[in-house]
Structures are given as C-alpha cells and as structure tokens.
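Chains as they are written, first to last, in this note's numbering: chain L, 1 to 363; chain V, 1001 to 1363.
As structure tokens, this is what we get:
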C-alpha cells in the first residue's frame, strides 16, 4: 500500500495469469503486447509455474519478468464466499497480495469479478470514508470516453455511496486523462413525470453544496452516456450494469444488421470492398476490447479487472490502464476529497434538517 | 369502458391532435396514412376546430371523421398536477374522456407523458387489482419485437407491481401478436457477485409458483433485450427508462460512426452508392418511429402515447397499434389473470412465511 506517485519508476505490475476464459497464454501475450508497445513496467505473473514459465521465457520482450507459482485457480463459478474461505492458495489471492505487500503497484486479473472484489476488499481494505468499492466502465463517445460507475460492485447504493462514487469517478477520470476538472453527472430519468428517486435528488444536493470544487453537471439521462455529455456518469450498480449490457446488446444488434446489409448481394459486397478500410476502423471503434479494464475504485491499492473473455489486445488495454493509473496520486486524492466533502456534507445535513429539505447524507 | 372485444366493428379512435412537438398537421397526416394503409376505423380529432377542420376536410381518406373542439392545450412543460386541476378544457382531457364515455375504444396522444398518465388514471381508473399503470416500449430484436415495461410510469416498483407488470405485459404481447404463450423475463444483473434486489427474487418466485400458466423464463440481463431472449421484459420504470434511452444513445452513436465511414472519401461514397438500397433498409430498421407507441397498461381503457417528436409515420404506427389492441379482449384478460394469480400469490405468501423464505407479495 505504498503510494506509487511518490516512487520513481520502475513500476511493477502483478498479473493473475489464471482464471480467464482463454487461458494463461492470452494473458501473457497481452503483457508482451503492452511491453512491445513501449510500456515500461516489470511483470510478476501468478499461476501454474509449469505452464507460465515457458510462456514467459519464449517472449523476449518479457525479459526480467517473474513467475510466482500458485497451486489453486479461482473458477468463474466459484462463489466469493468460498474463495474467501478456501482460496488462499490461488493465483488471484497471491496477485492481490503482492499489491498489499508493496511488491507491485497494481494488479490485473481476468478472473471471476465477484471473487476478485471479495479478495481485494479482504486484503486491501477500503479507503477511509469509502463504504464500498465501485467498478468502472469506459464508454465510447464522439468526444472520447465517458466513465460510468458503479457497473456492478453493489446492487444498491445509498445517497452517501453515490456521493463517494462521484468523488472517486472524478479522481479516476483525472488520473486517466489529465483533465483538471472532469464534469460529473448523476444518472436519472428526466421525463417531467419522473423526478427520480429521492436519494438521487439528495445526492445531487450534497454534491452541489459540499463539493463546490467539482464540476457537477446535475442529472443526465441514459442517452447522455453515449453522447459524452459529461466525463463521469454516477449510478448504482444495478442500473449501471443493466445500462452497460443493454448498450452492448443494442450495438451488437445494429452491427448484425449492418453485416446483413453488406453481405446481401454481389453488389453490396462490392460496395463493402470499397468501404473496407473504413469498416475496419468502424469495427475497431465498436470493439469492446479497446475499452477493456474495469477498475475497482475505493480500495487501498489498484485492482483492474480485465474481461474474462478478453483477447490479448484486451488484456493489453487493461494492463496499460493499470500502469497509467499506478503512476498517479490517485488513492490519496480520493482519500483527501472524501474527508473534505464528508465534513461539509455534515453541515449540509444540519442545514437540511433545519429547513426540512435535505435528508441525511453522511459521507 | 365498454369491452371492445364484444362489439363488432366499426372501431372509433379518439385522437388528441394537439400537444405534440410537430403540430396537429402531422397528427392528422398520421391518421390519414393509417387509413390509406387499410385501417378501418372512424376518427374523432380533439383540438382547435379552426385549425383541425380544414386539415381533416382536405384529406379525402378521412371522410366521416369528426372534429371536437377543445380550447386548451397541455404543454410539454405542464406539471401533471396542474393539468389535473386546471386542464379540463384541454384536447387531452376530452380525448381520454371519449374513451371513458364509450365514444371511442382507444385514445392516441402525442402530448406530455406525465399529464397523459395523470389524466388517464383520473378518468379511466386502474383495473381492479392493479396498483399502478405501466408504460410499454417495443424493442427491435433479430426475431421481431420485445416488449419492455415499465419504461417510465413509476420510478420504483414493489414486488407485487412487478408481478402485475408481468401479467399485463404477457397479455399485451398476446394481444399484439397473437402468440398464445409469450415468454416473460425479469430484468436483473446476472454476474455471480450480484444476485439482484431481494424484491426481484421474490417476484420471480411468486410468478413461478402463482402463475404456472405463464411461460416465465426467469431472469434476463440487459443484453437479452436486444437479443430477443424473451417476448416480455419486466422491470421498474427507472431501470426501464434508463435502459431504453441508453440503447437509443448507443445505436445513435454507432449510426453516426457509420455515417462517417460512408462519407469519408469519394471511394467510400461510391461504396455507399452500391449499398444504397440496403442502407435504406438499415435506416428503417433503426428508425424508432416504426416502433412508436407506448401503451399505458392497467387502465380501464386503452391509451397509446405517441412520441412527442413523432413524424406522420410514427403517428401512423401508434394509431395502428391502438386499433390492433382495441379489437382484442385485452382488459378482461388482464383483470382475470390478476385476480387468479392474486389468490395464488397469497398462498405462496403463507407458505413463504412458514418456511421463512418468501416475502409478502400480495398482488
């Protein structure tokens, strides 16, 4: 739990090489691709040494990487509670432990999300003032990327947790892009008849009053995510998870229609040929692996979840994101803002009690 | 509140011609297009007679249509409570009143959704056993259409309301398509670490035990909507509204990328020319107006909300849907199923209380 920002390079990344859908070779390949792409970091791979040793050795660009043997593997079907009780011999446990012990500044895993969250919370603990960690997603927009959180760490969020998500998301976006004042919106339904849950309205009021430094935009609606209306969209894990998967489904449907259109006849195939280069670019833009890597925010250590089905390119994206974030003073910034806003939120509370408008929002 | 199924034709439709973003001409045009397309129904248009009279008179296909003057118009910014108090002179109020009075078998309006819901509840009342009405959306899939509800009538839903939505959605899909046993799913998050809200799990149990006639699929995830995994997707109005708008946003982003690809250069423009016919078809498939028409389920009368910004083609879709549903014994089916399932749900409750597993779920 050292602060990576206060260290000079070199950076060390812990990589859980087991537990993904595509086996350890894809994970090692992703690391090799990141290294080839110029990433200056040392890797520690965790998993079956007999399998990993040769995979690492045969990739010259991974020279200097270490393999640490772990007997157990967390399966996608393992329950988090099982892993907490009986998973201390797994590659996931050991990889997260390397961050706890200061051997690495971040960990990347393609394994079971629920287990990774449980193992991370157990070993790294949450930042003081953070009730529960959240998971981020990067969402493509015409302007770049929007961060959405929480996309599935917690089914429900209290008002205080939404405020914490906003603070963590803002710091995350800043660390990722360097933008000094990321804009933040709370996901809501905007139709006149629906003014949203009471707790969302209270969270908005606390953010507006207790964190005046934040560029808080107010409410956004579902279609604002893909528009890029704000840099950070805050919501509970149920809504965020449904929104993410629904959008993926809609994009896939449009892609399947487009494929039908392109392959309908000889003439359309000729047209597709003329569009070839642009269609490759379109496919890349729609490729979720370019935005792979859900970051667990709110922990005393950096944990990046790569999609279980990620290919080497997806693993590379997750590793690059981990390295990018590990070099920023991200954790301390969150801790300071949470503490500052928490104090102010209590005074918003007191005034709220007095005029009967604002509900409790202890951060 | 006569039962349209027990009447022989002709069908009469009440059309609120005011309050849409594009004015009354578009609404009258939509009705004319439906009539030209073979719809056999009589129209009663509600609104400013001075404007509507000539619009209706100049369209020969609308011969026999009636215009009823209403002085007031509900604006998009009017609050539902205002309209309830002071909106009795509006075209919306009068059009819904025509269904209440048995002058028409359904009403179509492009106006303010919240006001239309309030006016409809006030005049038509909910079906016995239905706590609150829900709003449907039709969602394109590779297999046809999936119905999603609620997409915004109510921000939150109790367990009993989710059960009612499932019953109403099933009957709606049957009325719309003739499919005897529509499949029904409850929207949830499926990741291992997230087992969804307690109330969704209880609603699933009640549906499974108390309505064995229903083809209940269990839980579905966000991407299942566009896949067409089930015919009817049930969720609360907050999640449904976010999912709908998020998917629209994602589809629009992909469409904008595709447009960029097609217009990038002279060569890609030539390619686009070869794809012309298929691209028109793709555009039609992505056109939300073909699925226009949100139906208010759970009322003693049929109310169809057309999108405020709908063009004539969109209004036509909404009118056709209204006519299609008005000819089916839809309301009675919902009332009977709600009563039957309600009795059984109480016995699920009692057993639940006994074994401590199932929570209260009075339908």
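Backbone N, C-alpha and C define an ideal beta-carbon position, used for all residues, glycine too.
How about residue 35 (chain L) and residue 56 (chain L): are their beta carbons less than 8 Å apart?
-> no
Check each candidate in V:1155, V:1209, V:1228 and name the one with the smallest Cα separation from residue 1140 (chain V).
-> V:1228
Looking at residue 214 (chain L) and residue 170 (chain L), is the spacing between their C-beta atoms short of 8 Å?
-> yes
By DSSP, does residue 74 (chain L) sit in helix, in strand, or in coil?
-> coil
Closer than 8 Å to chain L by CB, residue 1152 (chain V) = yes
Can you give the Cα-Cα distance for residue 1102 (chain V) and residue 1039 (chain V), rounded to whole angstroms?
-> 20 Å
Since residue 233 (chain L) sits in a beta bridge, which residues does DSSP pair it with?
-> L:148, L:185
Which chain V residues sit within Cβ distance under 8 Å of residue 138 (chain L)?
-> Within chain V, no residue comes near residue 138 (chain L); the closest Cβ sits about 14 Å away, beyond 8 Å.
Span of the alpha helix (DSSP H) holding residue 1067 (chain V)?
-> Per DSSP, residue 1067 (chain V) belongs to no alpha helix (DSSP H); it is in the beta strand (DSSP E), 1066-1069.
Rank L:237, L:43, L:20 by C-alpha distance to the C-alpha of residue 296 (chain L) and give the top, closest one.
-> L:237
For residue 979 (chain V), which residues from the same chain have a beta carbon less than 8 Å from its beta carbon, with the 5 sequence-adjacent residues on both sides left out?
-> With chain V running from 1001 to 1363 in the structure shown, residue 979 (chain V) is simply not present.
Close beta carbons around residue 1181 (chain V), own chain, < 6 Å, minus the five adjacent residues each side = 1215
Go ahead and label residue 1273 (chain V) buried or exposed: buried means 16 or more other beta carbons lie within 10 angstroms of its beta carbon, across all protein chains shown.
-> exposed
Indicate the three-state DSSP secondary structure (helix, strand or coil) for residue 118 (chain L) in the structure shown.
-> helix
May I ask you to report which of helix, strand or coil DSSP gives residue 1042 (chain V)?
-> strand
Taking just the CA atoms, how far does residue 209 (chain L) sit from residue 1090 (chain V)?
-> 41 Å
In chain order, what residues of the segment 118-139 of chain L put their CB closer than 7 Å to some CB of chain V?
-> none
How close, in whole Å, do the beta carbons of residue 1321 (chain V) and residue 1301 (chain V) come, if the pair is a contact with beta carbons under 8 Å?
-> Wrong, their Cβ atoms sit about 15 Å apart, outside the cutoff.
Give a yes or no on whether the C-beta atoms belonging to residue 111 (chain L) and residue 47 (chain L) are separated by under 8 Å.
-> no
Can you say whether residue 1109 (chain V) is buried or exposed, counting buried as having 16 or more other CB atoms within 10 angstroms of its CB?
-> buried
In whole angstroms, what separates the C-alpha of residue 244 (chain L) from that of residue 279 (chain L)?
-> 24 Å
Chain V within 8 Å of residue 85 (chain L), Cβ atoms only = no
Beta-carbon contacts of residue 982 (chain V) that lie in its chain and below 8 Å, excluding the five residues immediately before and after | Outside the displayed range of chain V (1001 to 1363) lies residue 982 (chain V), so it cannot be described from this structure.
For chain V, is any of its Cβ atoms less than 8 Å away from the one on residue 307 (chain L)?
-> no
Name the chain V residues that come within less than 7 Å of residue 321 (chain L), Cβ to Cβ?
-> Residues of chain V passing the Cβ test: none, with the nearest at roughly 20 Å.
Inter-residue Cα distance where the pair is residue 1190 (chain V) and residue 248 (chain L) = 15 Å
Under the three-state reduction of DSSP, which class applies to residue 1274 (chain V): helix, strand or coil?
-> helix
Candidates L:119, L:162, L:144, of which the one nearest residue 134 (chain L) by Cα = L:162
So who's on the other strand from residue 135 (chain L), going by DSSP bridges?
-> L:296
Going by the CB atoms, is the gap between residue 1345 (chain V) and residue 1145 (chain V) shorter than 8 Å?
-> no
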